[in-house]
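Just below is one structure, and these are the notes that go with it.
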Amino acid sequence: MKVLFLNGPNLNLLGTREPEVYGRLTLADIEAKVRKRAAQLKTVIDFRQSNQEGELVGWIQQAKGKFDVIVINAAAYTHTSVALRDAISAVGVPTIEIHLSNIHAREEFRHKSLIAPVCRGQICGFGLKSYILGLEAAVDVNGKEK
Ligand code: DQA
Numbered sequence: 208m209k210v211l212f213l214n215g216p217n218l219n220l221l222g223t224r225e226p227e228v229y230g231r232l233t234l235a236d237i238e239a240k241v242r243k244r245a246a247q248l249k250t251v252i253d254f255r256q257s258n259q260e261g262e263l264v265g266w267i268q269q270a271k272g273k274f275d276v277i278v279i280n281a282a283a284y285t286h287t288s289v290a291l292r293d294a295i296s297a298v299g300v301p302t303i304e305i306h307l308s309n310i311h312a313r314e315e316f317r318h319k320s321l322i323a324p325v326c327r328g329q330i331c332g333f334g335l336k337s338y339i340l341g342l343e344a345a346v347d348v349n350g351k352e353k
């Protein structure tokens with residue numbers, strides 16, 4: 208099975224970006240740990256990051272037929288992007304929303320996720336573990352659909 212991990216804007220700055228909120232791991236550190244768990248689960252992953260909404264939309268569109276599940280940390284676009292929501296809905300690849308921080312315990316503008324209604328579920332607040340749980344949920348969702 209193949210899982211596409213997508214990371215939105217500013218996640219390339221992890222490690223130095225507000226470490227009290229997001230921790231000290233870099234995105235490369237997170238990717239390495241996700242890859243290790245994916246190998247245990249016999250799952251192939253692709254791990255990408257973009258600061259551009261259109262690039263993320265393109266990757267979602269291209270996932271159809273190539274990936275079984277998408278795991279997405281859409282970062283700030285979570286709260287603003289109708290385009291990402293429409294892409295997830297249009298493409299129909301099962302998608303899991305993840306966040307490092309607990310968006311519901313932060314500023315009010317982060318409480319609303321525009322992509323949540325078109326995702327299978329949301330995992331937030333567990334730091335690196337949100338990514339690992341996202342991967343495990345992806346394996347679970349895929350197993351139930353086959
Ligand atoms: C985030 C939460 C978002 O509100 C924020 O804009 C991010 C990161 C998280 O992983 O906790 O950039 O998605």
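The working numbering applies: residue 208 is where the sequence shown begins, and numbers increase by one. Don't be surprised by glycine CBs; every beta carbon is placed ideally from N, CA and C. Predicted model only: the values in this text are computed from it and were never measured.
Check                                                                                          : Outcome
Which of helix, strand or coil DSSP assigns to R244                                            : helix
Buried or exposed (CB count within 10 angstroms, at least 16 for buried), G215                 : buried
beta-carbon I295 near the ligand DQA non-hydrogen atom, thresh 6 Å                             : no
Member of F254, E314, F212, K351 whose CA lies at the smallest distance from the CA of H286    : E314
R317 Cβ short of 6 Å to the ligand DQA heavy atom set                                          : yes
Nearest-angstrom beta carbon gap, V298 and I267 [assumed within contact, 8 Å]                  : 6 Å
Own chain residues within Cβ distance below 8 Å of S296, not counting five before or after     : V325
Residues passing the C-beta test against the ligand DQA heavy atoms, cut-off 6 Å               : N217, N280, A282, A283, T285, H306, L307, S308, I310, R317
DSSP beta-bridge partners of C331                                                              : H306
Stretch pair the stretch 322-342 + the stretch 230-237: three plus CB contacts closer than 8 Å : yes
Own chain, CB closer than 7 Å to A345, minus 5 neighbours either side, in chain order          : V210, V276, V278, I303
Proximity test, Cβ basis, 7 Å: L263 and chain B                                                : Among the protein chains of the structure shown there is no chain B, as only one such chain exists.
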